[in-house]
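Chains as they are written, first to last, in full-length UniProt numbering: chain L, 1 to 432; chain W, 1 to 432.
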């Protein structure tokens with residue numbers, strides 16, 4: 001029996017993840033070949049800096065200064081893009097690869113969030129796979145879990161902890177009772193946060209991933225612009241403390257659902273009750289919950305980033321391609337995806353955590369509670385804590401189930417008064 | 001454009017799960033067709049009793065008294081077997097379907113544990129898929145998660161809570177401080193345990209599932225006979241109580257690993273430290289942990305049984321088949337699976353929980369501790385509880401890391417003495 005021909009990879013990007021893919025294909029070569037039915041070999045690579053030390057031998061691979069040239073090479077059957085960036089070289093390479101009718105594998109959530117549908121369309125026209133398991137939740141096979149594992153279900157909701165940097169920061173703030181800025185600085189020092197952490201801490205990275213998950217889960221067109229996004233910079237150690245007193249932990253959660261024909265997509269720090277699986281997700285881990293009408297609640301947890309987990313997801317895609325797996329990138333042809341209007345965040349109906357800091361003078365609590373009453377929001381529990389360093393009083397409340405518009409109106413009325421010493425903070429509560 | 005022809009199903013078995021598959025294909029018909037690229041329709045069915053009320057309209061399906069006849073029907077492209085039983089009609093149908101070169105989908109872990117390799121071989125020869133997502137952990141896509149999602153990894157270990165009945169019983173014993181027999185009787189009344197619960201509570205059902213998972217995880221031949229199996233009937237409320245005092249919960253865990261070229265497979269009540277994801281798995285849920293050399297620890301949790309979750313897994317397999325997905329049942333051709341000798345359970349090296357009940361007389365504790373010392377097993381913690389109803393004293397110990405043979409020798413020495421009032425109980429500890 002002739003051994004089947006190998007799947008030959010053109011690899012663009014040799015940062016942590018790119019080097020990880022090379023290391024994985026070296027370390028697990030025999031095992032990958034057994035599972036894929038053929039060998040998977042890198043034949044050509046491209047990166048910005050050829051000389052950089054990466055701990056891998058690049059001499060055995062052909063080199064291209066211009067990543068786009070990988071797509072055209074005769075010794076490349078499939079391109080892996082680990083360059084990053086929504087546009088620029090990554091997008092040029094994606095287009096060139098699909099135009100050359102070769103499979104394309106990427107970990108680039110920003111590019112998919114912005115150009116995923118156009119690329120999926122190009123992949124369909126070329127009849128080649130476009131795969132991106134590594135783009136969401138790192139090593140956790142959640143794209144496959146939703147696209148295939150839960151495929152028989154109408155999903156009511158998909159949500160999860162999609163950014164390991166934010167989860168690392170929030171859980172360290174919780175365990176060590178430290179402030180946001182202090183933990184962020186330490187996370188940067190330890191390599192858990194980027195030098196420019198904007199995409200992570202402002203929730204943009206999680207929003208990219210959520211937009212991809214929502215499309216897969218609900219059969220809708222990717223709508224990154226429709227994700228209402230709020231980061232974690234406003235969360236204080238006091239919030240975490242009071243949430244704990246009330247039986248909750250604070251996590252940055254990306255959440256999507258279809259409600260009344262509209263697509264709700266939101267990235268927000270949320271309160272999660274102890275006992276909910278997401279409340280136990282610690283440090284840089286990621287986790288995703290999908291709720292289906294037959295399967296019930298599925299929960300996936302694992303490492304959301306880093307060399308090994310991301311390389312694991314990239315090579316899982318390559319094994320699928322080597323096995324001949326194909327099918328549309330977003331589970332159905334792009335033409336079949338529904339264009340769904342975004343939901344109005346004000347239409348949400350849920351319990352909320354509200355935190356205000358106010359001046360320490362008589363009647364302030366009456367002002368706050370009157371603002372809530374006038375907006376029709378009732379209070380389930382309230383904690384008032386004495387004067388802090390800034391001379392302010394910290395008031396944390398959990399509302400009964402209320403409409404988003406009503407809560408916003410109450411916060412607006414509070415802010416219009418004279419007693420607040422800082423902008424009020426609202427966090428939704430996720431129920432068990 | 002012509003719409004593609006539907007995938008026509010012959011469905012054998014119309015119990016809870018079979019009826020669930022019919023209901024799912026009715027309820028989610030349009031969505032399943034969008035994701036599968038074609039409609040999936042039941043054309044013929046077979047069950048023991050045609051007249052039984054199932055809440056579904058069978059009049060639209062052809063009927064076969066003999067399930068085997070489904071395989072030969074011209075209007076059946078694919079057979080789904082939900083009859084159950086390791087041999088008998090299920091096996092006859094599997095063989096007939098594969099001989100007819102049609103895809104075969106089953107939830108039958110007993111049949112796979114005993115005949116999975118022969119069936120996989122027949123499927124390979126016929127070049128048709130043999131799929132069984134529903135056979136392990138119900139609705140959780142763990143077969144897919146390991147076969148495909150974690151495919152790039154050498155797995156060090158796979159383990160999990162694979163039997164919902166046992167987990168339901170153990171967690172109720174824990175929360176309500178009740179005895180095993182009492183909770184079992186109540187579970188039977190409520191439908192969480194079968195009238196004959198032997199397969200569940202003795203660990204056999206979990207062992208079937210573990211043997212399948214181990215083969216997929218390690219690329220080894222299925223070896224059900226090699227699973228060392230112990231059920232939960234010996235676990236007492238006192239064990240659960242003392243484990244909690246020491247920071248553990250008790251769960252029935254199926255665990256498999258490759259150690260020194262040998263395959264360790266074990267189903268055993270285990271102590272799990274609080275903080276380990278398996279410790280939080282409550283009631284009838286199932287969960288699986290897979291540890292890969294690149295991805296690290298993956299954790300999957302969901303409903304392990306019941307109409308909806310099992311139907312979800314069966315139809316996920318059908319969608320894969322409708323999409324043209326194929327590939328070997330156990331991730332690689334049967335000929336490539338390694339025949340690995342079973343590990344000697346005595347070679348395990350781990351901490352253990354030991355519980356003995358002894359007569360209430362001076363010197364008994366010295367006897368017990370001498371037996372451990374003589375076997376070279378040292379004690380990390382010990383709890384002795386006063387005289388119980390039977391006049392015995394309850395002693396619970398956690399050992400330091402020790403070899404299985406040494407622990408067994410100590411238990412043997414204790415049992416040979418005159419002070420034990422019941423057989424000693426050993427449970428391994430799973431580390432965080």
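Backbone N, C-alpha and C fix where the C-beta goes; we use that ideal spot for every residue, glycine too.
Margin query: Quick check: what's the CA-CA separation for residue 306 of chain L versus residue 146 of chain L?
Written below: 22 Å
Check: Quick one: does residue 340 of chain L have its CB under 8 Å from some CB of chain W?
Finding: no
Checklist line | Chain-order list of residues whose beta-carbon lies under 6 Å from that of residue 68 of chain W (same chain, five-residue window excluded) | finding: 92, 93 and 96
Item checked: Test: residue 336 of chain W CB closer than 8 Å to a CB of chain L -> yes
Margin query: So, does the region 270 to 279 of chain L touch the region 210 to 226 of chain L, judging by three or more C-beta pairs under 8 Å?
Written below: no
Next item on the list: Note down the Cα distance separating residue 18 of chain L from residue 79 of chain L, rounded to an integer number of angstroms.
Entry: 12 Å
Notebook entry, point to check: Where do the ends of the alpha helix (DSSP H) carrying residue 437 of chain L lie?
Noted result: This structure cannot speak to residue 437 of chain L, because chain L is shown only from 1 to 432.
Next item on the list: Along the beta strand (DSSP E) that carries residue 291 of chain L, what are the first and last residues, could you check?
Entry: 285 to 292
Notebook entry, point to check: What residues match up with residue 272 of chain W in a beta bridge as DSSP calls it?
Noted result: DSSP lists W:249 as partners of residue 272 of chain W.
Check: Three-state secondary structure (DSSP) at residue 306 of chain L?
Finding: coil
Notebook entry, point to check: What does residue 50 of chain L touch in chain W if you count any residue whose Cβ is under 8 Å from its own?
Noted result: Near residue 50 of chain L there are no residues of chain W at all, since even the closest Cβ is about 25 Å away, more than 8 Å.
Check: Going by DSSP, what residues sit across from residue 402 of chain L in a beta bridge?
Finding: L:350
Check: Which bits of chain W does residue 312 of chain L rub up against, with CB to CB less than 8 Å?
Finding: 150, 152, 153, 292, 294 and 295
Next item on the list: Under 7 Å between beta-carbons, which chain W residues line up against residue 132 of chain L? List them in chain order, please.
Entry: Here the premise fails: no neighbours, minimum Cβ distance about 14 Å.
Item checked: residue 227 of chain L versus residue 199 of chain L - alpha carbon distance -> 14 Å
Notebook entry, point to check: Under the DSSP definition of a beta bridge, which residues are partnered with residue 265 of chain W?
Noted result: W:256
Next item on the list: May I have the straight-line CA-CA distance separating residue 420 of chain L from residue 372 of chain L, to the nearest angstrom?
Entry: Distance between the alpha carbons of residue 420 of chain L and residue 372 of chain L: 14 Å.
Notebook entry, point to check: Can you tell me where the alpha helix (DSSP H) with residue 43 of chain L in it begins and where it stops?
Noted result: Careful: residue 43 of chain L lies outside any alpha helix (DSSP H), inside the beta strand (DSSP E) at 40 to 46.
Next item on the list: Indicate whether residue 8 of chain W and residue 83 of chain W have their beta-carbon atoms separated by less than 8 Å.
Entry: Contact flag unset, no.
Notebook entry, point to check: Grouping DSSP H, G and I as helix and E and B as strand, with all else coil, what is residue 142 of chain L?
Noted result: helix
Check: Would DSSP call residue 27 of chain L helix, strand or coil?
Finding: helix
Notebook entry, point to check: Do the CB positions of residue 159 of chain L and residue 253 of chain L come within less than 8 Å of each other?
Noted result: yes
Item checked: Contacts that residue 323 of chain L makes with chain W (C-beta to C-beta distance below 7 Å) -> 327
Margin query: Measuring straight from C-alpha to C-alpha, what distance separates residue 87 of chain W and residue 170 of chain L?
Written below: 53 Å
Next item on the list: Please classify residue 230 of chain L: does DSSP put it in a helix, a strand, or coil?
Entry: coil
Next item on the list: Identify whether residue 418 of chain W lies in helix, strand or coil by the three-state DSSP scheme.
Entry: coil
Check: How would you call residue 172 of chain W, buried or exposed, if buried means at least 16 neighbouring beta carbons within 10 angstroms?
Finding: buried
Notebook entry, point to check: Using a beta-carbon distance cut-off of less than 8 Å, what residues from the region 93 to 111 of chain W approach chain L?
Noted result: none
Notebook entry, point to check: In chain order, what residues of the same chain lie with their CB nearer than 8 Å to the CB of residue 43 of chain L, ignoring the 5 residues before and after it?
Noted result: 8, 9, 10, 61, 62, 73, 75 and 76
Next item on the list: For the alpha helix (DSSP H) containing residue 368 of chain L, list its first residue and its last residue.
Entry: Counting along the chain, the unbroken alpha helix (DSSP H) around residue 368 of chain L starts and ends at 364 to 375.
Check: DSSP three-state call for residue 131 of chain L: helix, strand or coil?
Finding: strand
Next item on the list: Note down, in chain order, every chain W residue with its Cβ under 8 Å from the Cβ of residue 319 of chain L.
Entry: 148, 151 and 152
Item checked: Beta-carbon separation (whole angstroms), residue 474 of chain L vs residue 327 of chain W, contact threshold 8 Å -> Only positions 1 to 432 of chain L appear in the structure, and residue 474 of chain L is not among them; the question remains open.
Next item on the list: Below 8 Å on the Cβ atoms is my guess for residue 413 of chain L versus residue 375 of chain L; work out the distance and round it to an integer in Å.
Entry: Contact holds; Cβ gap of about 7 Å.
Notebook entry, point to check: Using a C-beta cutoff of 8 Å, does residue 1 of chain L count as contacting chain W?
Noted result: Annotation note: pLDDT 45 at residue 1 of chain L (below 50); position unreliable, no value reported.
Next item on the list: Could you run through the region 296 to 307 of chain L and flag, in chain order, every residue whose CB is less than 7 Å away from some CB of chain W?
Entry: 296, 297, 298, 299, 300, 301, 302 and 303
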